[in-house]
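Novice:
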Amino acid sequence: MKQTRNVLADGTSIEDLVKVDTREVQMRALSDHEIYNLEMDRVFGHSWLLLGHETEIPNENDFVVRDMGSDSVIVARGKNGQIHVSLNVCPHRGMKVSTLDAGNTPIHKCIYHGWAFRPNGDFLASPVEKECMHGKMMSKVELGLEQARVTLYGGIIFATWDHEGPSFEEFLGDAKWYFDILFQRSDKGLEVLGPPQRFIVRANWKTAGEQSAADGFHTLTLHRWLGEVGNYAKSGEEGGADLSPEMYGVEVSSSNGHALRCIDLGRKIRKLTGLDPDELSVDQKLEALPPPGVTREMLPQLKRNLSKDQLKVLVSMPPQVGGIFPNVLFAFVYIPQADGSVLGLTLLHAYVPKGPDQLEFVNWILAEKDTPPELKEKMLRQSIQLFGTSGMVEQDDSDTWPHMTVAARGARGRKSTLKYQAVYETSKPAGWPGPGIVNEGFTKDDTQWHWWLHWHELMLAKV
590 MKQTRNVLAD
600 GTSIEDLVKV
610 DTREVQMRAL
620 SDHEIYNLEM
630 DRVFGHSWLL
640 LGHETEIPNE
650 NDFVVRDMGS
660 DSVIVARGKN
670 GQIHVSLNVC
680 PHRGMKVSTL
690 DAGNTPIHKC
700 IYHGWAFRPN
710 GDFLASPVEK
720 ECMHGKMMSK
730 VELGLEQARV
740 TLYGGIIFAT
750 WDHEGPSFEE
760 FLGDAKWYFD
770 ILFQRSDKGL
780 EVLGPPQRFI
790 VRANWKTAGE
800 QSAADGFHTL
810 TLHRWLGEVG
820 NYAKSGEEGG
830 ADLSPEMYGV
840 EVSSSNGHAL
850 RCIDLGRKIR
860 KLTGLDPDEL
870 SVDQKLEALP
880 PPGVTREMLP
890 QLKRNLSKDQ
900 LKVLVSMPPQ
910 VGGIFPNVLF
920 AFVYIPQADG
930 SVLGLTLLHA
940 YVPKGPDQLE
950 FVNWILAEKD
960 TPPELKEKML
970 RQSIQLFGTS
980 GMVEQDDSDT
990 WPHMTVAARG
1000 ARGRKSTLKY
1010 QAVYETSKPA
1020 GWPGPGIVNE
1030 GFTKDDTQWH
1040 WWLHWHELML
1050 AKV
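All letters in the sequence shown, in the order written, are residues 590 to 1052 by this note's numbering.
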């Protein structure tokens, strides 16, 4: 039988994996080895991928080893502070050049035959130079490590293998207007609070990736305890577990698969001040509840770096959770405290594929560089308690993903479908200044559905 590149080995068309008219996705997408192998090339080979933050490698020759899809890469700071991302594969015999997680070295030397490379990936030499053991068929320039295309965004390191594809700004598209509110709002920018947490979950990367596309509805059941013990529920309600008010807000979808949940700060501001937030100015709202990691003394920085429209969104309906396609979750969340105050936390997650049924969960905890040390320490402590390896929230989420992956391997289960049929019937709020596909009201499935549509688009694209 004649096979095309968009038909799987059993005759299933990749196009048929997603039923556009009924908003369904075949479950086999969460377990199939063949689909996974195609994703590594078509999705991860053509997307901008999160690798870390520049404050993880502050000095010349500092490096960390990370992953771009299924490929290991060396993220290194070279001369003049430039950051390079090199494929961690020796061009001689395919050995990993660096077997470490991080370090500082002016020369990356392969342990197999001793080929040596600079932090920028340039080939230096092989041992016993007079014998020219790297041969004379290729020049030293041709023997360097393969380089990814790199950009910094608010100090965050992104890279892609697609040197001819969209720029990073084009990749973000309309969503950049909102991401700038989070990542480009201070004079000095963000920094990491220690190395990222990293742990393995026995689940397909898309189980976490599609949830990161602003799935808010699961909070009502999976994170019910937030209402019971987390001081989120409406006061005076019997049982104290009504999280439904947190489900209302504005959701932004992107044709590039990015997603944002913008949640109303009005109730928190009213609780803190006792005043009607609709009667407060932008400045008064900022004073009442500054964004995560921002103190009142830092508020002038926001006004220097953000437009009036962005400030308007920041104090009323700011992006708090969402995702950057394909495998990133961001969280800029406001956590109620026992004393009635609110603490803001800033986190980034990457769900790195490690096979069809395994992912590595990488969790960065961040704060603005100008955030006072005592506030940074409090943010770090509470972030560890709620998110990441030991976090109560992530213990809930990472319990569901393996079950979904196992179900997708079943003879009948793989034929079932994921459904995204809760559709917004509203549009953007009156006067909403931001771009994108914007809807208001109770959280729906639209943002996740647009995530899957972009996945589908890349899986069908010519490569």
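For glycine and all other residues, C-beta sits at the position ideal for the given N, C-alpha and C.
To which residues of the same chain is P945 closer than 7 Å at the C-beta, ignoring the five residues directly before and after it?
Specialist: If we look at P945 and ignore the five residues flanking it on each side, its Cβ neighbours are S620, D621, H622, Y625, N793.
Novice: Indicate the three-state DSSP secondary structure (helix, strand or coil) for Y767 in the structure shown.
Specialist: Helix at Y767.
Novice: Please say whether H812 and D605 have beta carbons closer to each other than 8 Å?
Specialist: No, they are not a contact pair.
Novice: I'd like the list of long-range same chain contacts for V662, defined as Cβ closer than 8 Å, with 5 residues on each side in sequence excluded.
Specialist: Excluding positions up to five away in sequence, the list reads L640, V654, R655, D656, V674, S675, L676, N677, A737, A748.
Novice: If you count every other CB in all the chains shown that lies within 10 Å of the CB of C851, and 16 or more means buried, which is it?
Specialist: It is buried - the Cβ of C851 has at least 16 other Cβ atoms within 10 Å.
Novice: What beta strand (DSSP E) runs, 3 residues minimum, are completely inside the region 732-782?
Specialist: The region 732-782 contains these whole beta strand (DSSP E) runs: 738-742, 745-749, 779-781.
Novice: Would you say D711 and G733 are within 8 Å of each other, going by their C-beta atoms?
Specialist: In this structure, G733 lies closer than 8 Å to D711 by Cβ.
Novice: On a CA-only basis, which of V941, R787, L900 is nearest F976? Give me that one, please.
Specialist: The option with the nearest alpha carbon to F976 is R787.
Novice: Do F1065 and L761 have their CB atoms nearer than 8 Å?
Specialist: Missing from the structure shown is residue 1065; the chain here goes from 590 to 1052 and no further.
Novice: Extract the residue ranges of the alpha helix (DSSP H) inside the region 836-886, only unbroken runs of 4 or more that lie entirely within it.
Specialist: Listed in chain order, they are 855-862, 871-877.
Novice: Residues in the same chain with beta-carbon distance under 6 Å from R774, minus the five sequence neighbours each way, listed in chain order, please.
Specialist: So the qualifying residues of the chain are L891, N894, L895.
Novice: Which residue marks the beginning of the alpha helix (DSSP H) containing S905, and which one marks its end?
Specialist: Segment 897-905, the alpha helix (DSSP H) holding S905.
Novice: If you measure between the beta carbons of A802 and A848, is that distance less than 8 Å?
Specialist: Contact: yes.
Novice: Opposite Y1028 in the DSSP bridges: which residues?
Specialist: One detail in the question is off: residue 1028 reads as Asn in this sequence, not Tyr. E840.
Novice: Under the three-state reduction of DSSP, which class applies to V654: helix, strand or coil?
Specialist: Note: V654 maps to strand in three-state DSSP.
Novice: Mind checking K897: buried by the 16 CB within 10 Å criterion, or exposed?
Specialist: By the neighbour-count rule (16 or more Cβ atoms within 10 Å), K897 is not buried but exposed.
Novice: Take the Cβ of D872 as the centre, count every other Cβ of all protein chains shown within 10 Å, and call the residue buried at 16 or more, exposed below.
Specialist: The residue is exposed, with fewer than 16 neighbouring Cβ atoms inside 10 Å.
Novice: Can you tell me the Cβ-Cβ gap for V686 and C699, rounded? I've got them flagged as a contact below 8 Å.
Specialist: V686 to C699, Cβ: 5 Å. Contact.
Novice: Taking only three categories from DSSP, how would you classify E957?
Specialist: Residue state, collapsed to three classes: strand.
Novice: So, at 6 Å on beta carbons, what are the nonlocal neighbours of E735 in its own chain, with the 5 sequence-adjacent residues on each side left out?
Specialist: L676, listed in sequence order.
Novice: Can you tell me whether DSSP reads G724 as helix, strand or coil?
Specialist: Three-state result, G724: coil.
Novice: Specify the secondary structure class of T644 as computed by DSSP and reduced to three states.
Specialist: It is helical.
Novice: Do H1043 and N845 have their C-beta atoms within less than 8 Å of each other?
Specialist: Taking 8 Å as the Cβ cut-off, H1043 and N845 qualify as a contacting pair.
Novice: Quick one: what's R666 bridged to in DSSP?
Specialist: Answer by DSSP bridge pairing, in chain order: I672.
Novice: Using DSSP with H/G/I as helix, E/B as strand and the rest coil, what is G828?
Specialist: Low local confidence applies: a pLDDT of 48 at G828 is under 50, so the model's placement there is unreliable, with the coordinate-based value given in what follows. Coil at G828, not helix or strand.
Novice: For the beta strand (DSSP E) holding R787, just list the boundary residues, first then last.
Specialist: Residues 786-790.
Novice: Return the first residue and the last residue of the alpha helix (DSSP H) that N889 is part of.
Specialist: Correcting the residue identity first, residue 889 is Pro in this sequence and not Asn. Element bounds for P889: 888-894.
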